[in-house]
Every structure is written in structure tokens, then in C-alpha cells.
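Participant: Residue numbers (full-length UniProt numbering): 1 to 303.
The beta carbon of each residue, even a glycine, is placed where N, CA and C say it ideally should be.
Computed from a prediction, not measured in an experiment: that's the story for all the values here.
1) Let me know the secondary structure DSSP gives residue 37 once reduced to three states.
2) Under 8 Å between the Cβ atoms of residue 141 and residue 9?
3) So, helix, strand or coil for residue 276, using DSSP?
4) Ordered along the chain, which non-local residues of its own chain (more than five positions away) have a Cβ less than 8 Å from that of residue 184?
5) Decide if residue 33 is buried, meaning its Cβ has at least 16 other Cβ atoms within 10 Å, or exposed.
6) If you follow the beta strand (DSSP E) that residue 105 is part of, which residue opens it and which one closes it?
7) Could you pull out every residue in the same chain whose Cβ sits closer than 7 Å to the Cβ of residue 88, ignoring the five residues on either side in sequence?
8) For the segment 98-108 against the segment 61-68, do three or more pairs of beta-carbon atoms, one drawn from each stretch, fall closer than 8 Å, so that the two count as touching?
9) Between which two residues does the alpha helix (DSSP H) carrying residue 185 extend?
10) Would DSSP call residue 43 helix, strand or coil?
11) Looking only at its own chain, which residues have a Cβ that is under 7 Å from the Cβ of residue 44, when we skip the five neighbours before and after it?
12) Below 8 Å on the Cβ atoms is my guess for residue 46 versus residue 27; work out the distance and round it to an integer in Å.
13) The alpha helix (DSSP H) that contains residue 215, what's its start and end?
14) Since I believe residue 229 is in contact with residue 247 (beta carbons under 8 Å), could you give me their beta-carbon distance rounded to a whole number of angstroms?
15) Buried or exposed for residue 158, please, with buried defined as at least 16 other CB atoms from any protein chain shown within 10 angstroms of its CB.
16) From which residue to which residue does the alpha helix (DSSP H) around residue 128 run?
17) How big is the Cα-Cα spacing for residue 164 and residue 284?
18) Three or more C-beta pairs closer than 8 Å, one from the segment 265-274 and one from the segment 181-198: is that the case here?
19) In angstroms with no decimal places, state the Cα-to-Cα distance between residue 35 and residue 238.
20) Does residue 181 pass the burial test, meaning 16 or more other C-beta atoms within 10 Å, or should it be called exposed?
21) Considering residue 179, what are the terminal residues of the beta strand (DSSP E) in which it resides?
22) Once you ignore the five residues that flank residue 90 on each side, which residues in its own chain have a CB closer than 6 Å to its CB?
Next comes the structure, spelled out in C-alpha cells:
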């Protein structure tokens, strides 16, 4: 592997956050925010604001959300927009401008305190991160989720090192993850990692318990391992089910870390699709989808 696999990035991030503990983040002071993010930033926002009232928007629908809820903004029910962006560039810039135009105070959660978006926002919360391969974003959003939830990186790391996996774990041709309903926001994060690391070359599916009931496992293949976090009586081939029991103090940071770690183990056992493509993505066709963007770096610097 030319680049470290995702499981290594997870362990490095957890070690980093044991030494550099994220300061607790009090999100309750934003009574009913509009939370805006792209990709994993959006899902990280869903996780961090899962215990309070909030509206959520992506770069795709944020214009429509502002139109739909303009009465709540006008009546000051919604007073803040919380924009989540590790880089503080790209979509976050115009999202903050749009929020200001609509009369909201803007809060940026970022790993880049000197970014363009940080210079525009009314309030900035900056988080530490490690240097990581482009797209990984392990330490970026893990640090934010730890800050919001208060979990201990040391507990998560210890739990991962105790994982017991079947000897043939890496030999399956397909993997399905079934997460508790309260962790549903993490399932698309797993799906995103599938697209980034494997593209169309490997099947990785992720569902909440509730979603899994809706005909997601009509076809039971012996080549697919189904990974769940409580007893699984129904999903997948009965001989190909792996149950991982979360510790009592496990929260969203634990669930994200464990699932990313498992995806990284899969990555380490399969052809290196990521390394073969990421350089050209960063230097050629990837950045051109953003207006006025410059080529990306294959290793995103830490701070």
C-alpha cells in the first residue's frame, strides 16, 4: 500500500486524541440551529446535534431549506447557522455567505482556523487534526465528535485492540454493516468510505436496524459477511454473521472508529484501488468539479 490504510489512520487518530484531548463543545447554546455540511461533515453534524432540536442541510438543498423555513428565521426561532467543514474552503465559503444574507449568525466548526470560511464566520471553533490521505478525514470529524460527546479516545482504542474477528474476515467478497438505529447517521459515512476506497470494485453496504428490515437481505450470499452490533437473527446467511458487542460507554465516536477500522482491514486485504487513482483524482479530474479550485494534495496536512 502506497498510502496507509484506513485502520492505521483510525489508530493514529485515537492515539493523537489521547495526547491532545479535544475541549468539550457546548452545542446546547444554539437552541435551534441550521446545521450545514457536505459529505461526511453533514453526517458528523447529524451525530453531534442528535440530542437537540436542529435542521440539517447539504450543499445540494440548502437554498431550498432557507426558502422553506424563512418564517422561522424571520421570527428568530432559528438564529444560527452552524457550518461544518474540515478545510473551511470549497462549499463552506458560499454557505456562510448565504446564511449571513438570510440574517443568521454563523458558526464554523473546522480544522482550518485561517481558512477563507473562518475569516467570514461570526464564531469559529477550531479542532486539531493529523496529516491524512485525501478523503480519509478520520481525525477531522472524530475530533469534533469526541468534543461533542465526551467519549475517551483511550477507551475506544482499547476496545478496538480487543476485537475478535473470524480468521476468514478478509476473504469475503462483500460486507454489510447493520448499526443500531440511534447510530443511523454513521451508515452513510461507511458507504462514503466504500466509494472513496473501492469504487465499484467491492460491495460494502451499511444500514440501520430499521432499514435492514426493508428487504435489504432478500439475497443471502455466502460471500457476504454481515457485521452487526447486537444479536442478528435475520440478516444475511446464518453462518456468515459477525456480532460485535459495544462496551457500555460506547457512543458515536466508538461506532465511527470501529467501523472505519473494519473498513481499513478490508482495504488492507484487497487490491489497492485507492493508491492507483487518488493521485490523478487530486491533480487532474477531481478538483475541476469545484469552481476556481486548485489541485488537491494527496496528503492533507495536519495542524
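Facilitator: Put simply:
1) strand
2) no
3) helix
4) 208, 210, 211
5) buried
6) 105-110
7) 108, 110, 112, 115, 116, 117, 118
8) yes
9) It is not in any alpha helix (DSSP H) - residue 185 carries neither H nor E in the DSSP assignment.
10) helix
11) 37, 84, 141, 144, 145
12) In fact, because the Cβ distance is near 12 Å, the residues do not count as touching under 8 Å.
13) From DSSP, residue 215 is part of no alpha helix (DSSP H); its letter is neither H nor E.
14) About 11 Å; that fails the 8 Å criterion.
15) exposed
16) Run containing residue 128: none; DSSP gives neither H nor E here.
17) 41 Å
18) yes
19) 40 Å
20) exposed
21) 174-179
22) 290
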